[in-house]
Amino acid sequence: MLSESSSFLKGVMLGSISCALITMLGHVRIGHGDRTHHHEHHHLQAPNKEDILKISEDERMEPSKNFRVYCIILVKPKAVSLWTAVKETWTKHCDKAEFFSSENVKVFESVNMETNDMWLMMRKAYKYAFDRYRDQYNWFFLARPTTFAIIENLKYFLLKKDPSQPFYLGHTIKSGDLEYVNVEGGIVLSIESMKRLDSLLDIPEKCPEQGGMIWKISEDKQLAVCLKYAGVFAENAEDADGKDVFNTKSVGLFIKEAMTNHPNEVVEGCCSDMAVTFNGLTPNQMHVMMYGVYRLRAFGHIFNDAFVFLP
Numbered sequence: 670m671l672s673e674s675s676s677f678l679k680g681v682m683l684g685s686i687s688c689a690l691i692t693m694l695g696h697v698r699i700g701h702g703d704r705t706h707h708h709e710h711h712h713l714q715a716p717n718k719e720d721i722l723k724i725s726e727d728e729r730m731e732p733s734k735n736f737r738v739y740c741i742i743l744v745k746p747k748a749v750s751l752w753t754a755v756k757e758t759w760t761k762h763c764d765k766a767e768f769f770s771s772e773n774v775k776v777f778e779s780v781n782m783e784t785n786d787m788w789l790m791m792r793k794a795y796k797y798a799f800d801r802y803r804d805q806y807n808w809f810f811l812a813r814p815t816t817f818a819i820i821e822n823l824k825y826f827l828l829k830k831d832p833s834q835p836f837y838l839g840h841t842i843k844s845g846d847l848e849y850v851n852v853e854g855g856i857v858l859s860i861e862s863m864k865r866l867d868s869l870l871d872i873p874e875k876c877p878e879q880g881g882m883i884w885k886i887s888e889d890k891q892l893a894v895c896l897k898y899a900g901v902f903a904e905n906a907e908d909a910d911g912k913d914v915f916n917t918k919s920v921g922l923f924i925k926e927a928m929t930n931h932p933n934e935v936v937e938g939c940c941s942d943m944a945v946t947f948n949g950l951t952p953n954q955m956h957v958m959m960y961g962v963y964r965l966r967a968f969g970h971i972f973n974d975a976f977v978f979l980p
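For the sequence shown, position 108 (counting from the first letter as 1) is numbered 777 according to my numbering, and the numbering increases by one without interruption.
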């Protein structure tokens, strides 16, 4: 499917990227909005276009200085090709990225979690990150190696979000009475949520490692159960038009669906211009995404590999 639609995909990407850059200019406004204390669930959106004329040079530079994102990638040794692709592509744009593996792998640098259980890996990774980096980073992004993330878009989405508030963001799913962020699209926790989670990790009654009923559910649901005890609830991340920005499918699949369902509006029916993640990618697709997002650009536009909003 990749080979058959690569030319079309590149064209769509170029258009989407150009729109994204323009949209980013129109949205940015530094501040701390969306302060939530007793919320159950919200559809949180990116900043509004009306702020385009209010952007100063200092404000454009501010996100690079104050928004520090630590990336956690949960991997298993058998996924070596994916591991390599993630390491060579989007994780370079994290302020710091570390891989957490189920065991030691000689050819890759990773933190050994000494378990194959994904929930235990997730718990240990969050504990490790909080203990070592609580004073260095204010946002923590967790993903699987099949996920491609545009970290600049993540930082852009977080511009008006206060990390001292308990944010738990991504693509939400409702399962019975539980609403949780699907790990397939990536999970974002603010430093406040990390603090609350850390305080529960040693309380088996609220956040058990295993046993009872909780061991039967997936790791992302288990995380939501623990966070719920801390008063932290899942929130769906959307752009200013209400489109999801954390995606659990690949760009290619979204385009294929859009061509079937919206043949006259393929781009509009596909994805947000400000998408943060796509999932289900192969190593080759990772590199194609890297080309489309970070390397391909219109003639006359200077490449700047930094989080600075420029016209």
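C-beta atoms are modelled at their ideal positions from N, C-alpha and C, and glycine is treated no differently.
Quick check on the burial criterion: 16 or more other C-beta atoms within 10 angstroms. Buried or exposed for residue i?
i    : result
S833 : exposed
L858 : buried
P932 : exposed
A967 : exposed
R964 : exposed
P814 : buried
S919 : buried
P873 : exposed
G961 : buried
D846 : exposed
Where does residue i sit, in a helix, a strand or coil, going by DSSP?
i    : result
S771 : coil
I741 : strand
F915 : strand
G854 : helix
N953 : helix
E888 : helix
S859 : strand
K830 : strand
I872 : coil
F777 : coil
F799 : helix
T946 : strand
G881 : For G881, the pLDDT reaches just 49, beneath the cut-off of 50, and the residue's location in the model is therefore unreliable, although a value from the coordinates is still provided. If DSSP states are grouped into helix, strand and coil, G881 belongs with coil.
L847 : strand
A818 : strand
C895 : helix
A766 : strand
For the alpha helix (DSSP H) containing residue i, list its first residue and its last residue.
i    : result
E926 : 920 to 930
W808 : Run containing W808: none in the alpha helix (DSSP H); it sits in the beta strand (DSSP E), 808 to 812.
A748 : It is not in any alpha helix (DSSP H) - A748 carries neither H nor E in the DSSP assignment.
Looking at C-alpha atoms only, which residue of the options is the closest neighbour of residue i?
i    : options                : result
C939 : N948, E926, F947       : E926
N773 : V744, E757, D831, D800 : V744
Y825 : V852, E907, Y797, E888 : E907
A909 : I842, K829, A748       : K829
P952 : K775, S750, P746       : S750
R803 : D867, A812, K756       : D867
T917 : V755, A812, A754       : A812
G911 : A893, D889, D942, K890 : D942
I820 : D913, V894, S887, A766 : A766
P835 : K885, C876, A893       : A893
W788 : L847, F799, S887, C740 : S887
P746 : K775, C740, K761       : K775
Y806 : V935, Q954, I860, A899 : I860
R792 : Y898, T929, D871, M928 : D871
K864 : K885, I842, R801       : R801
C740 : L950, D913, F810       : F810
L950 : H762, A818, F799       : A818
If you follow the beta strand (DSSP E) that residue i is in, where does it begin and where does it stop?
i    : result
L838 : 837 to 839
E783 : Neither: E783 is in no beta strand (DSSP E) and is coded neither H nor E.
N905 : 904 to 907
Going along the chain, which residues of its own chain have a beta-carbon closer than 7 Å to the beta-carbon of residue i, five neighbours each way excluded?
i    : result
Y837 : V850, L858, S862, L896, V901, F902, A903, E904
F777 : W752, F768
Y797 : V780
M790 : L743, F769, S771, M782, T784
S844 : K890
G839 : V850, N851, G854, G855, I856, V857, A906, F915
L669 : The chain is shown from 670 up to 980; residue 669 falls before or after that span and cannot be answered.
Q879 : none
L869 : K875, C876, C895, Y898, A899
D786 : none
H762 : I820, E821
Spatial neighbours of residue i within its chain, please: CB distance less than 6 Å, with the 5 preceding and 5 following residues excluded, ordered by chain position.
i    : result
D764 : R737, V738
M959 : T758
F923 : C939, C940
L823 : V945
T816 : G855, T946, N948
V852 : D889
Under 8 Å Cβ to Cβ from residue i, same chain only, skipping five residues before and after it: list those, please.
i    : result
H956 : A754, E757, T758
N930 : G938
Is residue i near the ligand HEM, with its Cβ less than 6 Å from a heavy atom?
i    : result
A754 : Ligands are entirely absent from the displayed structure, and the ligand HEM is therefore not among its contents.
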